[in-house]
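When you line the sequence shown up against the working numbering, it's residues 3 to 107, in that order. In this text, a Cβ means the ideal position worked out from N, Cα and C, and glycines have one as well. Bear in mind the structure is a predicted one, so any value in this text is a computation, not a measurement. Here the structure comes first, spelled out in structure tokens, and everything after it is commentary.
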Amino acid sequence: MPRWTALSRGNVVVELGSGAGLDALIAAQTVGANGRVHAIDISDDMVRLARSNADAAGLCTIQVHQAPVDEMPIDDEIADAAIANGVLNLAPEKERAVAEAFRVL
């Protein structure tokens, strides 16, 4: 289970392999209106679902990006936290995915 208590209001979070965006929703609620969550997934269907879930929850602080987790369209050193809940085992380039997570931190 992720340690949501490690997040603070105003933090920027990057979620690798966001799927339906459920962890992104929790992160967005935790970081509040001054925070930002970048949800990354490679699947068209999951990106659409994550956007729909964010819209339905009224959370405009979530930005959903379609991209592989080892090539995220996120600036260097932008994030306070990265979430990779159940995705690294699926990444074809695991070391690159981990390196990407550290790059954005």
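Could you please give me the residues that DSSP links to residue 80 through a beta bridge? According to DSSP, residue 80 bridges with nothing at all.
Going along the chain, which residues of its own chain have a beta-carbon closer than 8 Å to the beta-carbon of residue 33, five neighbours each way excluded? 9, 10, 11, 12, 13, 14, 15, 39, 63
Does the Cβ of residue 20 have 16 or more other Cβ atoms within 10 Å, making it buried, or fewer, making it exposed? buried
Whole-number beta carbon distance between residue 100 and residue 90, since they are thought to touch under 8 Å: 7 Å
Selection from 75, 94, 18 that minimises the alpha carbon distance to residue 48: 18
Where the alpha helix (DSSP H) containing residue 97 begins and where it ends: 96 to 106
Here's the rule: buried if 16 or more other CB atoms are within 10 angstroms of the residue's CB, otherwise exposed. What is residue 85? buried
Determine the contact status of residue 44 and residue 81, defining contact as a CB-CB distance below 9 Å. no
CB of residue 79 to nearest heavy atom of the ligand HEM: below 8 Å? Although the ligand HEM was asked about, the structure shown includes no ligands whatsoever.
Beta-carbon proximity check, residue 66 vs residue 23, cutoff 9 Å: yes
How should residue 55 be labelled, buried or exposed, when 16 other C-beta atoms within 10 angstroms of its C-beta is the threshold for buried? buried
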